[in-house]
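K.L.:
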Amino acid sequence: MKQDLFSANEFEQLVICKDEVSGLKAIICIHNTLLGPAVGGTRIYPYRTMDDAIEDVTCLARAMTYKTAMAGLSFGGGKAVIMADPATQKTTELLMAYGRFIDTLGGRFITGEDVGANEYDMLVIRRETPYVVGLPESHGGGGNTSPPTAYGILCGIKAAVNHRLKVESLRGLRVSIQGVGNVGSHLARHLAQEGVTLLVTDVNMDRARQVAKEVGATLVSPGEVYDLEVDVFSPCGLGKVITDETIPRLRCQVVAGAANNQLADEERHGRMLKEKGITYVVDYIINAGGVINGTDEAMGYSRPRAYSQVERIYDNVKALLETADAEGTTTVEAAYRIAGNRMKAIQRVSPITVGYKAPFKVFPGAR
Ligand code: NAD
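The working numbering puts the sequence shown at residues 1 to 367.
#1: Give the range of the beta strand (DSSP E) segment to which Asn182 is assigned.
#2: Less than 8 Å between the beta carbons of Ile177 and Leu187, yes or no?
#3: Among Gly195, Asp202, Leu263, Val196, which residue has its Cα nearest to the Cα of Gly184?
#4: Beta-carbon separation of Gly116 and Tyr45 under 8 Å?
#5: From Gly41 to Gly112, what distance separates their C-alpha atoms?
#6: Here's the rule: buried if 16 or more other CB atoms are within 10 angstroms of the residue's CB, otherwise exposed. What is Leu5?
#7: Is Gly142 close to the ligand NAD? I mean its beta-carbon at under 7 Å from any heavy atom of the ligand.
#8: At the level of alpha carbons, what is the spacing between Ser350 and Asp315?
#9: So for Gln210, helix, strand or coil by DSSP?
#10: Flag this pair as yes or no: are the beta carbons of Gln210 and Ile242 separated by less than 8 Å?
#11: Indicate whether Ile30 and Gly152 have their beta-carbon atoms separated by less than 8 Å.
#12: Let me make sure I understand the geometry here. Which of Lys79, Leu94, Gly77 has the alpha-carbon closest to that of Asp85?
#13: Classify Leu14 as helix, strand or coil using the three-state DSSP reduction.
#14: Can you confirm whether the region 98 to 105 touches the region 64 to 72 when touching is taken to mean that 3 or more C-beta pairs between the two stretches lie within less than 8 Å?
#15: Any chance you could list the alpha helix (DSSP H) runs of at least 4 consecutive residues sitting entirely within the region 116 to 189, in chain order?
#16: Going by C-alpha distance, which of Glu12, Asn182, Ala319, Leu24 is nearest His163?
#17: Could you please give me the residues that DSSP links to Lys25 through a beta bridge?
#18: Beta-carbon within less than 6 Å of Leu60's beta-carbon, same chain only, minus the 5 sequence neighbours each way: which residues are those?
#19: For the region 296 to 305 against the region 243 to 252, are there 3 or more C-beta pairs whose distance is under 8 Å?
#20: For the beta strand (DSSP E) that contains Glu113, what are its first and last residues?
#21: In angstroms with no decimal places, state the Cα-to-Cα distance between Gly172 and Lys18.
#22: Does the ligand PLP have a heavy atom nearer than 7 Å to the CB of Gly239?
#23: Where does Ile40 sit, in a helix, a strand or coil, going by DSSP?
#24: Excluding five sequence neighbours on each side, which residues of the same chain lie with their C-beta closer than 6 Å to the C-beta of Gly257?
#25: Note the first and the last residue of the continuous beta strand (DSSP E) segment covering Val220.
#26: Any heavy atom of the ligand NAD closer than 7 Å to the Cβ of Pro222?
#27: Answer yes or no: the CB of Arg305 versus the heavy atoms of the ligand NAD, is any distance below 7 Å?
#28: Does the ligand NAD have a heavy atom nearer than 7 Å to the CB of Arg207?
#29: Could you say which of Pro37, Ala8, Val15 lies nearest to Phe75 if we only look at CA atoms?
#30: Alpha carbon to alpha carbon, what distance is there between Gly289 and Leu170?
#31: Quick check on DSSP: helix, strand or coil for Lys79?
#32: Taking the beta strand (DSSP E) that Val232 falls in, what are its first and last residues?
#33: Cβ atoms of Thr330 and Arg271: under 8 Å apart, would you say?
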């Protein structure tokens, strides 16, 4: 290991998991349990090195702490990575071994799907531990997280547009979507229904063409998406797309999308966007629909209840933008302050870690 783990990374607990029989190599990061048990998806990805995996899991876990705090959930932040190629190395044995490691944490960490995993993988993990959400609806779960995530993005875009352009409806606005995979394609359908003029792209141009045809959008190439004159640019592909090179090219009023870690450098690029007059809707606030939907399973899933909670993203985005305006700060700074205040308030009530004592519904049929 190149660096001193304790000073180089933020976390409450880091669990290194190895199972010789299945070949499992996984890292679970519990970042913060002040608001409740840590919740976060499991990413299955062929990391080149252990350092890469630790860097990724700690950053993603930290973002989950702020995401759950801003969403008003009684959960803390965590994340897990399995160092494997999901296409060739994701076996039942490996997922079950991973489930047993989660179970040893006694509910301090609850997982769900992320890149490289799906709701059926969660079902396999569920054979070994109750501390997993995002199960298929046929098994009492909230199902695929992409539809609620996309719905939350829609609510957040409405709030941002209302704040910035002072309009109540999206009708006639121009929105570009970068990446029309699981979330982006659902978002495109919502926006088309709202009467938006859509421009879509994807590095997988066949997929982009298919979605464009379905929703009546204009197809653009991945390279030209930053130069389009639009009201809203919605990054729904991968992170770190807002950079020194792309910001000068942007001709939008609002950046609001699903991708995690959209800013390559949070502080600098948050400031550059503000100076350019672009309203940046902080990613972990607007893309919280999936975790809101998943954590609803802890009480026995109710779709109407989960979706009405997802709709609160509208208010959260409004509060964020109003706070940033009132304080003259970037939205990045405002988001950390609002989330930090919520955690401090809880800390004053109970200075001990309350997380894992919260009730967690154990579904029938475990093991
Ligand atoms: P996905 O893999 O289904 O879709 C992403 C799509 O973006 C793919 O079609 C890919 O080809 C495309 N893409 C990647 N980079 C691109 C680029 N530079 N230009 C154009 N297209 C590009 O993933 P998803 O589940 O839709 O998630 C999208 C993003 O949202 C990810 O960053 C994910 O971490 C984040 N997110 C997803 C959820 C969820 O519930 N699925 C929740 C929160 C955040």
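Glycine residues also receive a C-beta, built at the ideal position from the N, C-alpha and C atoms.
P.N.:
This is what the structure gives:
#1: Counting along the chain, Asn182 falls outside any beta strand (DSSP E), though it belongs to the alpha helix (DSSP H) covering 182 to 193.
#2: Their beta carbons are under 8 Å apart, which means Ile177 touches Leu187 by this criterion.
#3: Nearest C-alpha to Gly184: Asp202.
#4: Their beta carbons are under 8 Å apart, which means Gly116 touches Tyr45 by this criterion.
#5: One alpha carbon belongs to Gly41, the other to Gly112, and they sit about 4 Å apart.
#6: So Leu5 counts as exposed.
#7: No.
#8: Only weak support exists for where Ser350 lies, its pLDDT of 44 falling under 50; the coordinates are left without a value.
#9: In the three-state DSSP reduction, Gln210 falls in the helix class (H, G or I).
#10: No, the Cβ-Cβ distance between Gln210 and Ile242 is not below 8 Å.
#11: Contact: no.
#12: Checked all of Lys79, Leu94, Gly77; the closest Cα to Asp85 is Leu94.
#13: In this structure, Leu14 counts as strand in the three-state DSSP scheme.
#14: With the cut-off at 8 Å, the region 64 to 72 and the region 98 to 105 do not touch.
#15: Within the region 116 to 189, the complete alpha helix (DSSP H) runs of at least 4 residues are 119 to 126, 146 to 165.
#16: With distances taken between Cα atoms, His163 lies closest to Ala319.
#17: Beta-bridge pairing links Lys25 to Lys18.
#18: So the list reads Lys79, once near-sequence residues are dropped.
#19: Because the criterion of three Cβ pairs below 8 Å is not met, the region 296 to 305 and the region 243 to 252 do not touch.
#20: Element bounds for Glu113: 109 to 113.
#21: Going by C-alpha positions, Gly172 is about 53 Å away from Lys18.
#22: Although the ligand PLP was asked about, the structure shown includes only the ligand NAD as ligands.
#23: The sequence given here has Gly at residue 40, not Ile. Three-state result, Gly40: strand.
#24: Taken in chain order, the residues that qualify are Ser234, Pro235, Cys236.
#25: Here Val220 belongs to no beta strand (DSSP E), and DSSP marks it neither H nor E.
#26: Yes, Cβ of Pro222 sits closer than 7 Å to a heavy atom of the ligand NAD.
#27: It does not: the Cβ of Arg305 is nowhere closer than 7 Å to a heavy atom of the ligand NAD.
#28: Checking the Cβ of Arg207 against the ligand NAD gives yes.
#29: Closest option to Phe75, judged by alpha-carbon separation, among Pro37, Ala8, Val15: Pro37.
#30: When rounded, the distance between both Cα atoms is 20 Å.
#31: Of the three classes helix, strand and coil, the one that applies to Lys79 here is strand, per DSSP.
#32: It spans 232 to 235 - the beta strand (DSSP E) in which Val232 sits, taken as one unbroken run.
#33: It is a contact, given that the beta carbons lie within the stated cut-off.
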